[in-house]
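Asks:
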Amino acid sequence: MSLQDFAMAVMDSTMAAVPRPTPDRAALERCKIISHRGEHDNKTVMENTLQAFDAARAAGVWGIECDIRWTADLVPVICHDPSPARIFGTTIELSALTFDQLRTRVPDIPSLQEVIEAFGSDTHLMLELKAEPWPDPTRQREILRSLLAPLTPATDFHMLALDPTLFKPLDFLPSESFFPVAEINVNTISKRTIAGGYGGMGGHYLLLTNRVKQNHDAHGQRLGTGFPSSRNTLFRELNRGIEWIFSNDAVALQRIRDDYLQR
Numbered sequence: 003m004s005l006q007d008f009a010m011a012v013m014d015s016t017m018a019a020v021p022r023p024t025p026d027r028a029a030l031e032r033c034k035i036i037s038h039r040g041e042h043d044n045k046t047v048m049e050n051t052l053q054a055f056d057a058a059r060a061a062g063v064w065g066i067e068c069d070i071r072w073t074a075d076l077v078p079v080i081c082h083d084p085s086p087a088r089i090f091g092t093t094i095e096l097s098a099l100t101f102d103q104l105r106t107r108v109p110d111i112p113s114l115q116e117v118i119e120a121f122g123s124d125t126h127l128m129l130e131l132k133a134e135p136w137p138d139p140t141r142q143r144e145i146l147r148s149l150l151a152p153l154t155p156a157t158d159f160h161m162l163a164l165d166p167t168l169f170k171p172l173d174f175l176p177s178e179s180f181f182p183v184a185e186i187n188v189n190t191i192s193k194r195t196i197a198g199g200y201g202g203m204g205g206h207y208l209l210l211t212n213r214v215k216q217n218h219d220a221h222g223q224r225l226g227t228g229f230p231s232s233r234n235t236l237f238r239e240l241n242r243g244i245e246w247i248f249s250n251d252a253v254a255l256q257r258i259r260d261d262y263l264q265r
C-alpha cells in the first residue's frame, strides 16, 4: 500500500466513525450507486468480470464501472491493468495477445461487446479508457462507435478517463457523455471539465470539496465521488447533494439506501 493509499484509508476510517443524519427521502431517491469494477473480492469473484457485474445488478445497483483495454487484434476488453497478472496470474500483457488467445488463457476477462450485450439495456455503464497506445486510432474509433451505437450517450453510459485527452478520438459522442476522474489533481481536472463542457467529474469524496461541487453545480455538471464504504460516509455525500456514488462496497450501500427508503 502506498503512503497516499494508507493516508486515505486512515481518513476513511475516521470519516466512517462520524455520525451523520439520515438524508431526506428525495436525496435517497436521487442516489445512484456505481459498483467499482463490479461486486468482487478477488478471491471467489474477480473484478471486472461478468460475474462481478451480475452480482451488482442483481442487488439493484444502478451502475457498473469497468476498464477498457485492447488486445493485439484490437478487440476492446475489460481489464484494469495492462496485464492480467494481479488478478489471474497471467503475466503477458493484453496488447500482446489476440482475443482468441486471451480467451483461451484467461476466459473470465470479458469483451466490451459482451458487457454491453449483457448489461447495456438495464445498467448504467461507466466505461473508463485506460492510457495506452492506440496502434490504429481510426479503426479503434470505429470499433467503439459501432459497439456503443445501440446505447444512448449520457443516458445509458458515460466515458471515464484520468486524462481527458483520451476522449479526443471519440468525437462521435457528445461532450456531456465524458466524465474525467481526478486523482490528486482536482483543480486541473475541474478546470478542464468545465472548459470541455463535460457531464461532470469524479474523484475521492475527501478531495471533491463543497467548493468544487458549487463550481460544477453552477455549470450544470455533476460530481461522482468515491469510495464511500459505510453508512456514515454514504450519508455524508447524500446530505451534501452528491447523487453518484462510486464504491467497492456498492451492494452493501445499495442495501442501506433501500432499507432507509422503505422506513
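Read in order, the letters of the sequence shown are residues 3 to 265 in my numbering.
Where is the CB? At the ideal position from N, CA and C, for every residue including glycine.
(1) Can you tell me the Cα-Cα spacing of residue 281 and residue 185, whole angstroms?
(2) Do residue 226 and residue 202 come within 8 Å of each other at the CB atom, strictly closer than that value?
(3) If I measure Cβ to Cβ from residue 74 and keep anything under 7 Å in the same chain, skipping five residues before and after, which residues do I get?
(4) In the structure shown, what three-state DSSP assignment does residue 171 receive?
(5) Applying the criterion that 16 or more other CB atoms from any shown protein chain within 10 Å of the CB defines a buried residue, is residue 1 buried or exposed?
(6) One question on the structure: do residue 48 and residue 208 come within less than 8 Å of each other, judged by their Cβ atoms?
(7) Residue 61 to residue 140, Cα distance in whole Å?
(8) The beta strand (DSSP E) with residue 69 in it runs from where to where?
(9) Does the CB of residue 164 have a neighbour CB from chain B at under 8 Å?
(10) By Cβ distance below 8 Å, which residues in the same chain neighbour residue 241 in space, the five residues on each side in sequence not counted?
(11) Relative to the alpha-carbon of residue 167, which residue among 261, 72, 236 and 130 has its alpha-carbon at the smallest distance?
(12) Buried or exposed for residue 259, please, with buried defined as at least 16 other CB atoms from any protein chain shown within 10 angstroms of its CB.
(13) Any contact of the segment 148 to 155 with the segment 116 to 125, i.e. 3+ C-beta pairs under 8 Å?
(14) Would you mind sorting residue 51 into buried or exposed? The rule is 16 or more other CB atoms within 10 Å of its CB.
(15) Short check: CB of residue 181 to CB of residue 204, under 8 Å?
(16) Under three-state DSSP, which class holds residue 227?
(17) Decide if residue 148 is buried, meaning its Cβ has at least 16 other Cβ atoms within 10 Å, or exposed.
(18) Rank 109, 103 and 212 by C-alpha distance to the C-alpha of residue 89 and give the top, closest one.
Replies: Based on what the coordinates show:
(1) Only positions 3 to 265 of the chain appear in the structure, and residue 281 is not among them; the question remains open.
(2) Numbered from its first residue, the sequence shown carries residue 202 at position 200. Numbered from its first residue, the sequence shown carries residue 226 at position 224. When the beta-carbon positions are compared, residue 202 and residue 226 come within less than 8 Å of each other.
(3) Position 72 of the sequence shown holds residue 74. When the five nearest sequence neighbours on each side are left out, the beta carbons in the same chain lying within less than 7 Å of the beta carbon of residue 74 are those of 97, 98, 99 and 100, in order along the chain.
(4) Along the sequence shown, one-based indexing puts residue 171 at 169. Looking at residue 171 - three-state DSSP - the assignment turns out to be coil, as it is neither helix nor strand.
(5) The displayed coordinates of the chain run from 3 to 265. Any statement about residue 1 would go beyond what the structure contains.
(6) Reading the sequence shown from its first residue, position 46 is the one you call residue 48. Reading the sequence shown from its first residue, position 206 is the one you call residue 208. In this structure, residue 208 does not lie closer than 8 Å to residue 48 by Cβ.
(7) Counting from 1 along the sequence shown, the entry for residue 61 is found at position 59. Counting from 1 along the sequence shown, the entry for residue 140 is found at position 138. In this structure, the alpha-carbon of residue 61 lies about 38 Å from that of residue 140.
(8) Mapped onto the sequence shown, residue 69 falls at position 67. For residue 69, the enclosing beta strand (DSSP E) has its first and last residue at 65 to 72.
(9) Absence of chain B from the displayed structure is noted, only one protein chain being present.
(10) As a first step, residue 241 is located in the sequence shown; it is residue number 239 there, counting from the start. Contacts found: 22, 23, 25 and 29.
(11) Here residue 167 is taken as the residue at index 165 of the sequence shown, counted from 1. Ranking the options by Cα distance to residue 167, first place goes to 130.
(12) Counting from 1 along the sequence shown, the entry for residue 259 is found at position 257. When all chains shown are included, residue 259 counts as buried.
(13) Proximity of the segment 148 to 155 to the segment 116 to 125 meets the contact definition, three or more beta-carbon pairs being nearer than 8 Å.
(14) If you number the sequence shown from 1, residue 51 lands on position 49. With 16 or more other Cβ atoms within 10 Å, it is buried.
(15) Looking up residue 181 in the sequence shown gives position 179. Looking up residue 204 in the sequence shown gives position 202. For residue 181 and residue 204, yes; Cβs fall inside 8 Å.
(16) One-based indexing of the sequence shown puts residue 227 at position 225. Residue state, collapsed to three classes: strand.
(17) Here residue 148 corresponds to residue number 146 of the sequence shown, with the count starting at 1. Classification of residue 148: exposed, given that the 10 Å Cβ count is below 16.
(18) The sequence position of residue 89 within the sequence shown is 87, counting from 1. Residue 109 is the option with its Cα nearest to residue 89.
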